[in-house]
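Novice: Can you read through this structure? Questions will come right after.
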Amino acid sequence: MALLELADVSAAYGPIQILHGVSLHVDAGEVVAVIGPNGAGKSTTFKVIMGFINYLGGRMRFDGHDLVGQRPDRILALGLGYVPQGRVVFTQMTVRENLEMGAYLERDKAKVQAAMEWVFALFPRLAERLKQQAGTMSGGEQQMLAMGRALMTRPKMLMLDEPSLGLSPRLVDEVFDKTVEMARAGLTVMLVEQNAARALEISDRGYVLELGRNRFEGRGPDLLANPDVRRLYLGGAGGPVSAAPA
Amino acid sequence: MGPAPDEVILDVRDLRKAFGGVKAVDGASFAVPRGKISGLIGPNGSGKTTTFNLLTGVAAPDGGQILYNGADVAGLRPYQTFALGITRTFQITRVFREMTVLENMLSVTGLGLPDRVARQRAEELIAFVNLGHLRGEYGGRLSYGQQKLLEFARALMTDPDLVLLDEPAAGVNRTLLQQLLEQIHHLQEQGKTILIVEHDMNVIMNHCERIFVLDFGVKIAEGRPAEIQRDERVIEAYFGRRRS
Numbered sequence: 000m001a002l003l004e005l006a007d008v009s010a011a012y013g014p015i016q017i018l019h020g021v022s023l024h025v026d027a028g029e030v031v032a033v034i035g036p037n038g039a040g041k042s043t044t045f046k047v048i049m050g051f052i053n054y055l056g057g058r059m060r061f062d063g064h065d066l067v068g069q070r071p072d073r074i075l076a077l078g079l080g081y082v083p084q085g086r087v088v089f090t091q092m093t094v095r096e097n098l099e100m101g102a103y104l105e106r107d108k109a110k111v112q113a114a115m116e117w118v119f120a121l122f123p124r125l126a127e128r129l130k131q132q133a134g135t136m137s138g139g140e141q142q143m144l145a146m147g148r149a150l151m152t153r154p155k156m157l158m159l160d161e162p163s164l165g166l167s168p169r170l171v172d173e174v175f176d177k178t179v180e181m182a183r184a185g186l187t188v189m190l191v192e193q194n195a196a197r198a199l200e201i202s203d204r205g206y207v208l209e210l211g212r213n214r215f216e217g218r219g220p221d222l223l224a225n226p227d228v229r230r231l232y233l234g235g236a237g238g239p240v241s242a243a244p245a
Numbered sequence: 000m001g002p003a004p005d006e007v008i009l010d011v012r013d014l015r016k017a018f019g020g021v022k023a024v025d026g027a028s029f030a031v032p033r034g035k036i037s038g039l040i041g042p043n044g045s046g047k048t049t050t051f052n053l054l055t056g057v058a059a060p061d062g063g064q065i066l067y068n069g070a071d072v073a074g075l076r077p078y079q080t081f082a083l084g085i086t087r088t089f090q091i092t093r094v095f096r097e098m099t100v101l102e103n104m105l106s107v108t109g110l111g112l113p114d115r116v117a118r119q120r121a122e123e124l125i126a127f128v129n130l131g132h133l134r135g136e137y138g139g140r141l142s143y144g145q146q147k148l149l150e151f152a153r154a155l156m157t158d159p160d161l162v163l164l165d166e167p168a169a170g171v172n173r174t175l176l177q178q179l180l181e182q183i184h185h186l187q188e189q190g191k192t193i194l195i196v197e198h199d200m201n202v203i204m205n206h207c208e209r210i211f212v213l214d215f216g217v218k219i220a221e222g223r224p225a226e227i228q229r230d231e232r233v234i235e236a237y238f239g240r241r242r243s
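Just so you know, the sequences run in chain order X and P. For the first sequence, numbering that gives the first Met the number 0 begins at 0 and goes up steadily by one. For the second sequence, numbering that gives the first Met the number 0 begins at 0 and goes up steadily by one.
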């Protein structure tokens with residue numbers, strides 16, 4: 000049974016509808032990539048799942064619970080972790096404080112400490128930097144911290160929004176390696192990536208969105224090899240053609 | 000004999016702009032042909048909007064030249080580039096919400112026209128973008144797509160030679176988009192030059208004669224749509240590269 004399931008989901012930013020009936024599912028233990036050209040609705044899909052933006056219609060379920068109308072903190076408590084785009088860490092706080100903020104729903108100090116140990120096992124470098132102010136870390140380290148913070152709730156599934164955005168090639172490698180490691184540690188992962196080739200490479204399956212609609216889905220290697228998917232990024236894959244010149 | 004080379008209206012040479020340590024535009028060079036519809040594309044963060052800001056004086060370049068009709072306009076203020084015949088629209092519309100459609104049009108100052116003539120032009124342009132029935136409506140009450148049409152019409156009040164459109168298709172429904180595209184072609188038929196930044200590749204590939212592709216602030220390719228769609232460097236810039 001799918002851990003996360005979206006059926007025909009529509010969503011808008013204010014008056015602008017972005018998603019026009021997106022459907023996808025993620026099974027427990029899978030790594031699933033959501034790719035597509037700019038404006039496809041990838042990040043919007045994550046935001047509507049987390050309850051951040053205007054939901055218009057469709058069904059969304061996670062681990063047997065209906066997500067529609069739920070507050071973001073409730074969704075988090077259901078075991079769905081989220082790492083937003085752009086390495087959003089609390090820059091004025093230390094690494095430890097950032098991680099503690101990730102566990103703000105948990106009142107049991109022992110459980111917070113256990114979660115932190117688990118995060119350190121995945122991200123040893125964070126353990127070495129506990130007292131460092133997050134704002135003074137490199138972009139790659141901040142991304143690791145953001146991922147570690149999201150793990151502090153011990154989620155069943157983690158959603159990563161553009162984890163490689165703005166990182167140097169070496170750090171891009173590191174972020175994808177960590178994602179694979181997290182998956183091996185038993186986490187279910189769904190990631191949105193502009194670096195489609197790299198994301199599909201580490202994914203079991205992928206969905207390709209365009210202009211807020213499903214266009215392709217399949218196994219990562221199949222999508223990678225599909226020239227229509229690549230072409231989608233530059234038009235001409237038989238997509239919804241807008242007005243031809245007069 | 001091949002066809003005569005395009006006459007260039009805007010010749011951008013080695014343009015540079017950094018924000019802190021980030022080189023948003025890092026030596027971009029491209030020449031926009033006069034009287035045509037061209038596209039400026041590139042993945043997120045490739046420097047497209049920054050380039051537009053440099054071309055229109057919204058930001059001053061750190062280096063390079065912007066030759067418009069042969070004269071360097073780099074570093075001029077927005078009102079100066081505007082007076083020279085360069086106009087633009089914005090990614091997120093900037094209409095005056097508490098002014099009517101007609102008042103928005105007439106908010107364009109420095110036209111050097113008698114009020115009566117300015118008003119007539121405003122009415123013509125409102126009709127041109129099919130907003131005639133909304134001429135008395137407040138800007139803030141228009142749909143997002145209608146606001147884009149209004150901003151487009153307002154940008155034409157100066158009778159510019161070069162029109163820069165920043166993501167005209169974003170958030171516009173298919174019907175209004177179709178309209179907007181027809182109007183862009185009408186402008187071109189009138190001899191205007193149009194340069195479009197746009198993520199909707201169907202708009203770019205179906206409507207632009209020439210396309211410039213930016214990645215990391217440099218031009219990585221240039222050509223006709225079919226050439227750009229086949230270009231491996233462009234595909235890689237958009238789709239990413241597998242780990243080698």
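The beta carbon of each residue, even a glycine, is placed where N, CA and C say it ideally should be.
Within its chain, find whatever has a CB closer than 7 Å to the CB of X/Ala32; leave out the 5 residues flanking it on each side and keep chain order.
Specialist: Answer for X/Ala32: Leu190, Glu192, Ala198, Leu199, Ser202, Gly205 and Gly219, listed in chain order.
Novice: Using the C-alpha atoms, what's the distance from X/Ala76 back to P/Met227?
Specialist: This sequence places Ile at residue 227 of chain P; Met is not what is there. When rounded, the distance between both Cα atoms is 47 Å.
Novice: Can you give, in chain order, each stretch of the beta strand (DSSP E) that sits fully within the segment 173-202 of chain P and has at least 3 residues?
Specialist: For the segment 173-202 of chain P, whole beta strand (DSSP E) runs of length 3 or above, ordered along the chain, are 192-196.
Novice: Put P/Asp160 into one of helix, strand or coil per three-state DSSP.
Specialist: It is coil, neither helix nor strand.
Novice: What's the gap between the Cα of P/Thr174 and the Cα of X/Tyr12?
Specialist: Looking at the two C-alpha atoms, the distance is approximately 20 Å.
Novice: Check whether chain P comes within 9 Å of X/Ile15, counting only Cβ atoms and requiring the distance to be less than that.
Specialist: Yes, contact with chain P.
Novice: If you run the structure through DSSP and keep just helix, strand and coil, what is X/Gln84?
Specialist: Residue state, collapsed to three classes: coil.
Novice: Comparing alpha-carbon positions, which option in P/Thr55, P/Gly41 and P/Gln146 lies nearest P/Ala220?
Specialist: If we check each option's Cα against that of P/Ala220, P/Gly41 comes out closest.
Novice: Would you kindly check if the distance between the Cβ of X/Val88 and the Cβ of X/Gly134 is under 9 Å?
Specialist: It is a contact, given that the beta carbons lie within the stated cut-off.
Novice: According to the neighbour-count rule (16 or more other Cβ atoms, all chains shown, within 10 Å of its Cβ), is X/Pro226 buried or exposed?
Specialist: By the 10 Å Cβ count, X/Pro226 comes out exposed.
Novice: Distance, Cα to Cα, X/Arg70 vs P/Glu208?
Specialist: Taking the straight line from one Cα to the other gives about 48 Å.
Novice: For X/Met100, name the three-state secondary structure that DSSP assigns.
Specialist: Helix, per DSSP.
Novice: Kindly indicate which residue of P/Phe18, P/Asp13 and P/Gly34 has the alpha-carbon position closest to the one of P/His185.
Specialist: The option with the nearest alpha carbon to P/His185 is P/Gly34.
Novice: Which partner residues does P/Val24 have in the DSSP bridge list?
Specialist: BP columns for P/Val24 point to P/Lys16.
Novice: Would X/Ala10 pass as an interface residue toward chain P - the criterion being a Cβ-Cβ separation below 9 Å?
Specialist: No, because no Cβ of chain P sits closer than 9 Å to the Cβ of X/Ala10.
Novice: Jot down the residue ranges of each uninterrupted beta strand (DSSP E) in the segment 125-182 of chain X, minimum 3 residues, whole runs only, in chain order.
Specialist: Complete beta strand (DSSP E) runs here, min 3: 156-160.
Novice: Given a limit of 9 Å on CB to CB distance, which residues of the segment 28-54 of chain P reach chain X?
Specialist: Per Cβ criterion, the list reads Ile36, Ile40, Pro42, Asn43 and Gly44.
Novice: What ranges does the alpha helix (DSSP H) occupy inside the segment 39-82 of chain P, keeping only unbroken runs of at least 4 residues that lie completely in it?
Specialist: Counting whole runs of 4 or more residues, the segment 39-82 of chain P contains the alpha helix (DSSP H) stretches 47-54 and 77-82.
Novice: From the beta carbon of P/Gln90, is the nearest beta carbon of chain X less than 9 Å away?
Specialist: No, its Cβ sits nowhere closer than 9 Å to a Cβ of chain X.
Novice: Check the Cβ of P/Asn129 against every Cβ in chain X and list those closer than 9 Å, keeping chain order.
Specialist: None at all; the shortest Cβ gap to chain X is about 14 Å.
Novice: Whole angstroms is fine: what's the gap from X/Gly40's alpha carbon to X/Ala10's?
Specialist: Computed Cα separation, rounded: 9 Å.
Novice: Quick check: the segment 94-114 of chain P against the segment 137-157 of chain P, are at least 3 beta-carbon pairs closer than 8 Å?
Specialist: Segments in contact, yes.
Novice: Between X/Glu192 and chain P, is there a C-beta pair that is closer than 9 Å?
Specialist: Yes, X/Glu192 counts as interfacial toward chain P.
Novice: Looking at chain X, is there any beta carbon in it that lies within less than 9 Å of the beta carbon of P/Asn103?
Specialist: No, P/Asn103 does not count as interfacial toward chain X.
Novice: Exposed or buried, which one is P/Pro159 when buried takes at least 16 other CB atoms within 10 Å?
Specialist: Per the 10 Å Cβ criterion, buried.
Novice: Against chain A, does P/Pro224 count as a neighbour if the rule is that its beta carbon must be under 9 Å from one of theirs?
Specialist: Considering every chain present, this structure includes no chain A. Its protein chains are X and P.
Novice: Taking C-beta pairs closer than 9 Å, name the residues in chain X that P/Ala169 reaches, listed in chain order.
Specialist: Ordered by position in chain X, the residues that pass the 9 Å Cβ test against P/Ala169 are Ile15 and Gly38.
Novice: Taking 8 Å as the threshold, find out whether the segment 124-136 of chain P comes into contact with the segment 165-173 of chain P through three or more Cβ pairs.
Specialist: Not touching, per the Cβ criterion.
Novice: Return the CA-CA distance between X/Leu150 and X/Tyr81, expressed in angstroms with no decimal places.
Specialist: Roughly 9 Å between the two C-alpha positions.
Novice: Residues of chain X with a CB under 8 Å from the CB of P/Gln228: which are they?
Specialist: Under the 8 Å cutoff, chain X gives Arg230, Leu233, Gly234 and Gly235.
Novice: Go ahead and pull the three-state DSSP assignment for X/Leu231.
Specialist: Residue state, collapsed to three classes: helix.
Novice: Taking 9 Å as the CB-CB limit, is P/Met156 close to chain X?
Specialist: No, P/Met156 does not count as interfacial toward chain X.
Novice: Go ahead and label X/Gly211 buried or exposed: buried means 16 or more other beta carbons lie within 10 angstroms of its beta carbon, across all protein chains shown.
Specialist: Result: buried.
Novice: Residue range of the alpha helix (DSSP H) that P/Gln119 falls in?
Specialist: Counting along the chain, the alpha helix (DSSP H) containing P/Gln119 begins and ends at Asp114 to Phe127.
Novice: Can you list, in chain order, the residues of its chain whose CB lies under 6 Å from that of X/Asn194, leaving out five sequence neighbours each side?
Specialist: Closer than 6 Å at Cβ, skipping near neighbours: Ser163.
Novice: Taking P/His206 and P/Ile36 to be in contact with their CB atoms under 8 Å, please state how far apart those CB atoms are, rounded to whole angstroms.
Specialist: Going by Cβ atoms, the distance from P/His206 to P/Ile36 rounds to 6 Å, so yes, they are a contact pair.
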